[in-house]
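Take a look at the structure below.
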Amino acid sequence: MASPSRNEDGSARTIREQLQFCKHQKWGFIIYRCTYSSNADWKLFIDRLNEKAQEGLEASGALDLAPTLDLTVFQDKSRYNGASKDDIRKDFKHWVKSDEAAAEQPPTGAGVANKNMFGQATRYTFPVYVDEEAMRSVIDPAPDKWPHSAYIILIDGDWELRDPETFDYEAMGFDLDEDCMDDGEEPIEGCRLEDVGWLKAMVLDLIPGKYAGLEQPGQWAFYYRRPPGMWTY
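Residue numbers (my numbering): 5 to 237.
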């Protein structure tokens, strides 16, 4: 990896330090394509995402991180078209335990590949979910409105909606009264919790800013905005 710029900002420094500490060879979000209305529109969406990522790295004084950036797209119309966020979360948690995920990074010191990458970096904790509305928010607005309306959906891979009918609260150390699944909020996709396990994130400074912001454990709660609110800057 090339030497960092003197003008490198904190976000880029966080990503660089994480790569070095974990000895990871790539970084960047896993992106689930959940809309298949137009391949041309999808290509434009991905092109704009990559364009903004490069602009973000340049503004952060960290263009040398670009070669290791990998915005990986998972697309399979038969599996992901119209999939729910919970479906994608389950698929993602299965993938991070796969040989494919382990092969992305070097083996451990013992020479054995890590069989569960979950939580090791933003890449392996928070997948991106793109439905028709999110895609349109990126490709349709006029240029002067684009930065403020373009968004993607980030899913918290560690979030779980516990079913009080089947979840053993006592065995897991929870109190049913204190840890019930109803915070009295307006339902979003049937969930009345304050944290619904996903958020809208403005594409502006998605890379490197928001990616770096999630590298430290516990930061989801800090950045979380209940939909239709949005994580802006």
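Just so it is clear, CB atoms sit at the ideal spot from N, CA and C, and this is done for glycine as well.
First and last residue of the uninterrupted alpha helix (DSSP H) at residue i
{"i": "residue 76", "result": "It is not in any alpha helix (DSSP H) - residue 76 instead sits in the beta strand (DSSP E) that spans 76 to 78."}
{"i": "residue 207", "result": "Premise fails: residue 207 is in no alpha helix (DSSP H) and is neither H nor E."}
{"i": "residue 153", "result": "150 to 153"}
{"i": "residue 93", "result": "89 to 99"}
{"i": "residue 223", "result": "223 to 227"}
{"i": "residue 106", "result": "103 to 106"}
{"i": "residue 67", "result": "Element bounds for residue 67: n/a, residue is neither H nor E."}
Endpoints, the beta strand (DSSP E) within which residue i is located
{"i": "residue 37", "result": "34 to 37"}
Own chain residues within Cβ distance below 6 Å of residue i, not counting five before or after
{"i": "residue 171", "result": "Confidence at residue 171 is low in this model, with a pLDDT of 48, below 50, so its placement is unreliable and no value can be given for it."}
{"i": "residue 135", "result": "38, 39"}
{"i": "residue 59", "result": "none"}
{"i": "residue 101", "result": "120"}
{"i": "residue 18", "result": "216, 219"}
Bridge partners - residue i, DSSP secondary structure assignment
{"i": "residue 196", "result": "186"}
{"i": "residue 73", "result": "31"}
{"i": "residue 159", "result": "202"}
{"i": "residue 132", "result": "35, 158"}
{"i": "residue 234", "result": "204"}
Chain-order list of residues whose beta-carbon lies under 8 Å from that of residue i (same chain, five-residue window excluded)
{"i": "residue 176", "result": "Residue confidence for residue 176 is low, a pLDDT of 46 falling below 50, so the modelled location carries little weight and cannot support an answer."}
{"i": "residue 6", "result": "Only weak support is given to the placement of residue 6: the predicted model assigns it a pLDDT of 45, under 50, and the value that follows is read from those uncertain coordinates. If we look at residue 6 and ignore the five residues flanking it on each side, its Cβ neighbours are 68."}
{"i": "residue 165", "result": "90, 185, 195, 197, 201"}
{"i": "residue 193", "result": "88, 89, 200"}
{"i": "residue 114", "result": "Low per-residue confidence applies at residue 114: pLDDT is 45, beneath 50, and the placement is therefore not dependable, though the value from the model is reported in the following sentence. Here the set comprises nothing."}
{"i": "residue 132", "result": "33, 34, 35, 36, 156, 157, 158, 159"}
{"i": "residue 235", "result": "158, 203, 204, 205, 206, 214, 227, 228, 229"}
Supposed contact pair residue j and residue i - C-beta distance, whole angstroms, cut 8 Å
{"i": "residue 211", "j": "residue 73", "result": "7 Å"}
{"i": "residue 201", "j": "residue 89", "result": "7 Å"}
{"i": "residue 228", "j": "residue 199", "result": "6 Å"}
{"i": "residue 161", "j": "residue 83", "result": "That pair is no contact at about 17 Å."}
Residues of its chain near residue i, where Cβ-Cβ distance is below 7 Å and the 5 sequence neighbours each way are ignored
{"i": "residue 77", "result": "35, 37, 50"}
{"i": "residue 110", "result": "27, 29"}
{"i": "residue 223", "result": "217"}
{"i": "residue 12", "result": "64, 65, 66"}
{"i": "residue 48", "result": "143"}
Beta carbon proximity, residue i to chain B, threshold 9 Å
{"i": "residue 75", "result": "Looking at the structure shown, chain B is missing, and only one protein chain is on hand."}
Open item on the list: Can you confirm whether the region 150 to 157 touches the region 131 to 142 when touching is taken to mean that 3 or more C-beta pairs between the two stretches lie within less than 8 Å?
Closed with: When Cβ pairs closer than 8 Å are counted between the two stretches, the region 131 to 142 is seen to touch the region 150 to 157, the count reaching three or more.
Open item on the list: So, does the region 215 to 223 touch the region 117 to 128, judging by three or more C-beta pairs under 8 Å?
Closed with: Using a C-beta cut-off of 8 Å, the region 215 to 223 makes contact with the region 117 to 128, since at least three inter-stretch Cβ pairs fall below that distance.
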